[in-house]
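Participant:
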Amino acid sequence: MAQANSKQQSRGGIQLPPGLTDEDLLDLYGTMVLSRAIDERVWMLNRQGKAALVASAQGHEAAQLGTLWALRKHAPEFFCFAYYRDLALWVGQGLSARDVLLGYTAKEGEPISGARQFPMHGAAMRLKVMNLSNVVAAHVTHAVGWALASKLRNQVNVAACFFGDGAASQGEVHESMNFAAVQRLPVVFFVENNRYAISLPIRKQMAIERVAQRAQAYGMPGVTVDGTDVLAVYGAAAEAVQRAVKGGGPSLVEFDVERYLPHTSDDDDSRYRDRAEVEAGRLRDPLKRLQEWLSRSGVLTDEHDAALRRQAKREVDEATEYAEAAPYPDAGDLLEHVHAPR
Amino acid sequence: MPVITYREAVTQALTEALDSDERVFIMGEDVGGYGGSYAVTKGMLAKYGPKRIRETPIAESVFVGAGAGAAMAGLKPVVEIMTINFSILAMDQIVNHAAKVRYMSGGQLSSGVIMRTVTGGGAGLAATHSQSLEPWYAHVPGIWVVTPATPYDALGLLREAFTKDDPVLFSEHALIYRLRGEVPEEHYTVPFGQAAISRRGSDVTLVAYSRMVHVALDAAQMLANQGVEAEVIDLRTLRPLDMETVFQSVRKTNRVAVVEEAWRTGGFAAEIASQIQEACFDYLDGPVARIGGEDVPQPYAINLERATIPDAKKVVNELAKVIGLKVTA
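Chains A and B, in that order, give the protein sequences. Residue numbering for the first sequence follows our numbering, beginning at 20 and increasing consecutively. Residue numbering for the second sequence follows our numbering, beginning at 446 and increasing consecutively.
As structure tokens, then:
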């Protein structure tokens, strides 16, 4: 990376990765602000009985967005295979607050599944994101298949596959990692490890310290980084993406993150999590961390920050109003899309 | 007309697809130099190379899921699941994903993976290698289930499978790979959802699919010797399902039995029988008979195994017992 040194900039005493600009950081920060605003709103709607089930991305945002920016900078083409906690990833790729709210309220015009699937489940081919199913870890095989197709076509289309520590116990993940490594496929496995599989703590999920330790056994590099530090995320993701692009095969990148909220809105985590632990986790807020650093570095002014937050709130308010007023899908279309036209 | 085996028919359809469509590739256990456990892909690795004939680890979930993923990316994968018994290891991918991708994406995505697999018992392979699980998959909206009984249909239906945008479970019966039959030299396909009348008759209708078509034809011969003319209908595909051909036959014969190798309880014959009574109640001179596999894990001992699978004698005996036909096996 020596050739890129001239482009590197220092912010608040921290060296920016090559190619990453102030505009990138502000863009990423604005996305995180919007994602958090949407996240808090849908949780509220759930408590009002207007959204059936919510799984929050709060605490995971830097892992998702740092990875996304690394993909944009380093992959000629990519596709994201998301899981249910990846709201920030979707928002980063352009899913609007209105689209998300239409999903949570299951209204006509919801663009990723036509209100057929859980909120935040479906596909947006235009945005290069899919999260079809909520069978934990099943999508990891699809990412591998996507990477295989890319290889067969002699294209460089990196499959970015996101899943949690809970999914890492599934057979499909083990099969997929082995398969991808044997065939040197351009896929990166991003593990958002918040140390809980619903209620099961990490020490009961695995007998090792880190999911990334498994990488070596499959024959691929594995690394664990602080998933609340967007630059650490970006750096680790960029390296793995570059490896996939160069034909070096898959990598495993594990992000150490916090789950602020219960597993979903249907869960009560006070039954299995100590409050002190949850509160301590909230001190590792990726949004606050980025905001403080950007302010300290002079990249983000208080006025700019306030404007971003106002803008996010306005978008979310409008989206909520629109979604609440929208009709449910036409029941006459119930059977559409079960089978292809041919 | 050329005469080829059922195995050669499958191989021919695959070869044609590999030759004509660069999106097609084959993936599965031992499909390479080994030539496939049932020798369907023999010689293909040498001809098409390792890029298109892909040998996988023993990992059904990932190679079926990756097939679905590659199909979503626009390729046309053919995955070989060594036997339908092992499809259970990939059932999440088949039932929860391949079949539902289109619906769950609001019509944005297709997962047109072709899943070839081998079904049926009778080879002394016991409980976990001898099942007929097609009815499970035919239960699921979003997937086509194809069950050819002849070389003609194996070739025509597999050609048709390559034209479909939805996933296809293509179920080949283990005991009929050496069955020979005529196929026209000119190109043809067999549309999905169109049953075949394998034998004409006016006294009783026998509905079957896969190898049980041949059992039904043997039974029809035994019946003919006793002056009873059976009409044999080969469903060819379980989903889509052509019931109209069945109804027309039943309205003519007024008696019907459904023959299948799958377990009788909750089997596909129950679905057929149910639809017949709904549509043809006034035409029936007796109950709709269901003749299926015994409700038992397939045993290894050959005499025991034979007792679990319907044969022509059992078909004739059941016709006498359930419908009251005056025939003996």
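We put the beta carbon where it would ideally sit given N, CA and C, even for glycine. Small disclaimer: the values here were computed from a predicted structure and weren't measured.
What are the residues of the stretch 520-547 of chain B that lie near chain A, defined by any Cβ-Cβ distance shorter than 7 Å?
Facilitator: Residues L520, D537, Q538, N541, H542, V546, R547.
Participant: Name the residue from B/D679, B/Q553, B/H574, B/P744 whose alpha carbon lies nearest to the alpha carbon of A/M144.
Facilitator: By alpha-carbon distance to A/M144, the top candidate from B/D679, B/Q553, B/H574, B/P744 is B/Q553.
Participant: Is there a C-beta anywhere in chain B that falls below 8 Å from the one on A/A157?
Facilitator: yes
Participant: Within 10 angstroms of its Cβ, does A/K126 collect 16 or more other Cβ (buried), or is it exposed?
Facilitator: buried
Participant: Kindly identify the DSSP beta-bridge partner or partners of B/R684.
Facilitator: Looking at the DSSP assignment, B/R684 forms a beta bridge with B/V590.
Participant: Excluding five sequence neighbours on each side, which residues of the same chain lie with their C-beta closer than 6 Å to the C-beta of A/L74?
Facilitator: Reading the sequence as shown, one finds Ala at residue 74 of chain A and not Leu. Cβ within range, chain order: Y103, R104, T283.
Participant: Applying a beta-carbon distance threshold of less than 7 Å, which residues of chain B neighbour A/T160?
Facilitator: S506, V507, G510, A511, G514, Q538
Participant: CB of A/E311 to nearest heavy atom of the ligand PLP: below 7 Å?
Facilitator: The ligand PLP is not part of the structure shown, which contains no ligands of any sort.
Participant: Does any residue of chain A have a CB that is nearer than 8 Å to the CB of B/K496?
Facilitator: yes
Participant: Look at the Cβ atom of A/S115, then the Cβ atom of A/V159, and state whether they are nearer than 8 Å.
Facilitator: Between A/S115 and A/V159, the CB-CB gap reaches or exceeds 8 Å.
Participant: Please state if the CB of A/Y279 and the CB of A/G78 are separated by a distance shorter than 8 Å.
Facilitator: Against a cut-off of 8 Å, the Cβ pair of A/Y279 and A/G78 comes out as a contact.
Participant: In this structure, what does DSSP give as the bridge partners for A/S270?
Facilitator: A/V207
Participant: Could I get the ranges of all uninterrupted beta strand (DSSP E) runs contained in the stretch 622-701 of chain B, with 3 residues as the minimum, in chain order?
Facilitator: 625-627, 641-644, 649-653, 675-679, 682-684
Participant: Excluding the five sequence neighbours on either side, which residues of its own chain have a C-beta within less than 8 Å of the C-beta of B/L578, listed in chain order?
Facilitator: I529, N530, S532, I533, T564, A707
Participant: Using a Cβ cut-off of 8 Å (strictly closer), state whether B/A634 contacts chain A.
Facilitator: What sits at residue 634 of chain B in the sequence shown is Thr, not Ala. Answer no: the Cβ-Cβ gap between B/T634 and chain A never drops below 8 Å.
Participant: Using a C-beta cutoff of 8 Å, does B/L683 count as contacting chain A?
Facilitator: no
Participant: Check whether chain D comes within 8 Å of B/Q639, counting only Cβ atoms and requiring the distance to be less than that.
Facilitator: The structure shown has no chain D; the protein chains it does contain are A and B.
Participant: Check the Cβ of B/D610 against every Cβ in chain A and list those closer than 8 Å, keeping chain order.
Facilitator: A359, P360, R361
Participant: The stretch 165-185 of chain A: which residues have C-beta closer than 9 Å to a C-beta of chain B, in chain order?
Facilitator: Along the stretch 165-185 of chain A, going in chain order, the ones with a CB nearer than 9 Å to a CB of chain B are W165, A166, L167, A168, S169, K170, L171, R172, N176, A178.
Participant: Kindly indicate which residue of A/C99, A/N150, A/P95, A/Q112 has the alpha-carbon position closest to the one of B/R547.
Facilitator: Relative to B/R547, the option among A/C99, A/N150, A/P95, A/Q112 whose CA is nearest is A/N150.
Participant: A/S188 and A/Q235 - do their beta-carbons sit closer together than 8 Å?
Facilitator: no
Participant: Report the residues of the stretch 739-762 of chain B with a CB closer than 8 Å to any CB of chain A, ordered along the chain.
Facilitator: Cβ contacts with chain A: none found.
Participant: If I measure Cβ to Cβ from B/V673 and keep anything under 7 Å in the same chain, skipping five residues before and after, which residues do I get?
Facilitator: D648, V649, L770, V772
Participant: Which stretch, first to last residue, makes up the beta strand (DSSP E) that contains B/H618?
Facilitator: 613-618
Participant: When you check each C-beta in the stretch 191-223 of chain A against every C-beta of chain B, which residues fall closer than 7 Å?
Facilitator: E191, E194, S195, N197, F198, V201
Participant: Select from B/Q722, B/A518, B/M517, B/I526 the residue whose C-alpha is nearest the C-alpha of B/R499.
Facilitator: B/I526
Participant: Ends of the beta strand (DSSP E) at A/A255?
Facilitator: Per DSSP, A/A255 is not a residue of any beta strand (DSSP E); the alpha helix (DSSP H) it occupies stretches across 249-264.
Participant: Do you know whose CA, among A/R301, A/G266, A/I131, lies nearest A/S152's CA?
Facilitator: A/I131
Participant: Taking only the alpha-carbon atoms, compute the straight-line gap between B/V701 and B/K766 and give it to the nearest angstrom.
Facilitator: Going from the Cα of B/V701 to the Cα of B/K766 covers about 13 Å.
Participant: Quick one: is A/R135 near chain B, going by C-beta distance under 8 Å?
Facilitator: Chain B contact via Cβ: present.
Participant: On the premise that B/Q722 lies in contact with B/S575, defined as a C-beta separation below 8 Å, what is that separation, rounded to the nearest angstrom?
Facilitator: Contact flag wrong, Cβ pair sits at about 31 Å.
Participant: So A/W165 and B/M517 are in contact, right, with Cβ under 8 Å, and what is the actual spacing, rounded?
Facilitator: Going by Cβ atoms, the distance from A/W165 to B/M517 rounds to 7 Å, so yes, they are a contact pair.
Participant: Helix, strand or coil: which one does DSSP assign to A/L219?
Facilitator: strand
Participant: Sort out for me which residues DSSP pairs A/I33 with in a bridge.
Facilitator: A/R30
Participant: Counting only Cβ pairs nearer than 8 Å, list the residues of chain B close to A/V163.
Facilitator: For A/V163, the chain B residues whose C-beta falls within less than 8 Å of its own C-beta are V507, G510, A511, G514, listed in chain order.
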